[in-house]
Amino acid sequence: MTTTGTSSSDTTATGAARPGGPGQLAGRTVSRVGFGAMQLERLRGDRRGALALLRRAVELGVDHVDTAHFYGNSFVNGLLREALRPEDGVLVVSKVGADPDPGGRIPLRPAQRPEELRASVEDNLKSLGVDQVPVVNLRRLDSGPGLRAEGDQAVDIDDQLAAMTAMRDEGMIGAIGLSSVTAEGLRRAIPAGIVCVQNAYSLVARDDETMVEMCAAEGIAWVPYFPLGGAFPGIPKVTEEPAVLAAAQSLGSTPSQVGLAWLLQHSPNTLLIPGTADPGHLEANIAVGAITLDEATVASLDAVPSRSADVRIG
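The opening residue of the sequence shown carries number 6 in the working numbering; numbering runs sequentially from there.
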């Protein structure tokens, strides 16, 4: 893993072509198609397979990876530590705002207080085996599917940003991102130097369209999670939309590829982090970077109605 080096080329540090072309993240040129590591926890019984999947991702041009210490209670970070090499030039993006809760109804609990954010960064440093985490997303619990902050976990964003900027000043983290944040929260945070926003967003759940535009205007990377919807009951699935199915048939692609390709074309500052534990799905996700949707297809997809992704869990 590395925190240095800048390239404006169309190839990664390993010489691979950038899937989706070049994008910008934390002052670095990265491939617009990255990798979300959360699903690697499914390979807990096949560590060799998990490591091979990560190596294959790098070979295919992935040079930014999304993770968290609470993914598998450090298991996923341990895989990244073992699989990634400095010469790969991979930008690792982690997140704080929740902690592992293996015995809970869901395996996460909120960890929003400033001292918890610092402890979580320290956990990430240890499990990743680095002196600095290049980018750390502050996962708020304001919007999108998932947990909500209550009681002493309902912390003002300004207090959290003070803790994050202090850790950036100390060199523990290289840059600050936000996740599951509202438009108002983003507006308040922009002066702190936000490099990316990770919110639930897809063709069928475009509640945050104003934020997509705000991020584009501010030079902030937009990194949608749950990019195909359907993560929880009550959230529609992109892959079930008739317009998506028709486009996939016309292009000879899968419905998932169409949904991801739409995201890439919808806004130039979008970076994708599709996750998988399957080598075939990894290659299909990377191939999205080479798909171009024509104007008629884009118009048909843009006409798909948006439904809210704001489903509370826990």
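Built from N, CA and C at the ideal position, the CB exists for glycine as well.
Subject >> Contact under 8 Å by Cβ, G94 with A22 >> reply: Here residue 94 corresponds to residue number 89 of the sequence shown, with the count starting at 1. Here residue 22 corresponds to residue number 17 of the sequence shown, with the count starting at 1. Going by C-beta atoms, G94 is not nearer than 8 Å to A22.
Original post:
Anyone know if the C-beta pair for V98 and P139 falls short of 8 Å?
Top reply: Reading the sequence shown from its first residue, position 93 is the one you call residue 98. Reading the sequence shown from its first residue, position 134 is the one you call residue 139. In this structure, P139 lies closer than 8 Å to V98 by Cβ.
Subject >> Pairwise C-alpha distance: P260 and T297 >> reply: Position 292 of the sequence shown, counted from the start, is the residue given in the question as residue 297. Position 255 of the sequence shown, counted from the start, is the residue given in the question as residue 260. Going by the C-alpha atoms only, they are around 14 Å apart.
Subject >> Of the residues R118, S132, G77 and A124, the one placed nearest G108, counting alpha carbons only >> reply: As a position in the sequence shown, residue 108 is number 103, starting the count at 1. Nearest option by C-alpha distance: G77.
Subject >> Alpha-carbon spacing of D104 relative to I291, whole angstroms >> reply: What you label residue 104 is simply residue 99 of the sequence shown in a count that begins at 1. What you label residue 291 is simply residue 286 of the sequence shown in a count that begins at 1. Computed Cα separation, rounded: 30 Å.
Original post:
Closest to R61 by CA distance: which of L287, F231 and R123 is it?
Top reply: As a working mapping, residue 61 is identified with position 56 in the sequence shown. The candidate whose alpha carbon is nearest that of R61 is L287.
**OP:** Please name the residue, chosen from A194, K100, I240 and P24, that lies closest to V67 on a Cα-to-Cα basis.
**Re:** Along the sequence shown, one-based indexing puts residue 67 at 62. Of A194, K100, I240 and P24, the residue nearest in Cα terms is P24.
Original post:
Which parts of the stretch 36–106 are runs of the beta strand (DSSP E), unbroken and 3 residues or longer, counting only runs that do not cross its ends?
Top reply: 69–71, 96–101 and 103–105
**OP:** Work out the CA separation of A116 and Q3 for me, nearest whole Å.
**Re:** Residue numbering for the chain in the displayed model covers 6 to 319; residue 3 lies beyond these limits and cannot be assessed.
Original post:
What is the rounded straight-line gap between the Cα of H271 and the Cα of E87?
Top reply: On the sequence shown, residue 271 is found 266 positions in, with the first residue counted as 1. On the sequence shown, residue 87 is found 82 positions in, with the first residue counted as 1. Going by the C-alpha atoms only, they are around 35 Å apart.
**OP:** Could you tell me which uninterrupted beta strand (DSSP E) segments, each at least 3 residues in length, are contained entirely in the stretch 186–240, listed from first to last along the chain?
**Re:** 199–203
Subject >> From L133, P112, D136 and K100, residue whose alpha carbon lies closest to that of L122 >> reply: Position 117 of the sequence shown, counting from 1, holds the residue named residue 122. For the residues L133, P112, D136 and K100, the minimum Cα distance to L122 belongs to K100.
Original post:
Taking the continuous beta strand (DSSP E) assigned at A180, which residues delimit it?
Top reply: Taking the sequence shown and counting its residues from 1, one reaches residue 180 at position 175. Note, A180: beta strand (DSSP E), I178 to S184.
Subject >> L208 versus P232: straight-line alpha-carbon distance, rounded >> reply: On the sequence shown, position 203 is the one that residue 208 refers to. On the sequence shown, position 227 is the one that residue 232 refers to. Rounded to the nearest angstrom, the two C-alpha atoms are 8 Å apart.
Subject >> Backbone secondary structure at N274 - three-state DSSP >> reply: For the purposes of this step, residue 274 is taken as residue 269 along the sequence shown, with counting starting at 1. Correct three-state label for N274: coil.
Subject >> Terminal residues of the beta strand (DSSP E) in which L143 lies >> reply: Taking the sequence shown and counting its residues from 1, the one referred to as residue 143 is at position 138. Where L143 is concerned, the enclosing beta strand (DSSP E) stretches over V138 to R144.
Original post:
Just reading off the alpha helix (DSSP H) that L287 is part of, what are its end residues?
Top reply: Within the sequence shown, numbered from 1, the residue matching residue 287 stands at position 282. Run containing L287: P284 to A292, per the alpha helix (DSSP H) assignment.
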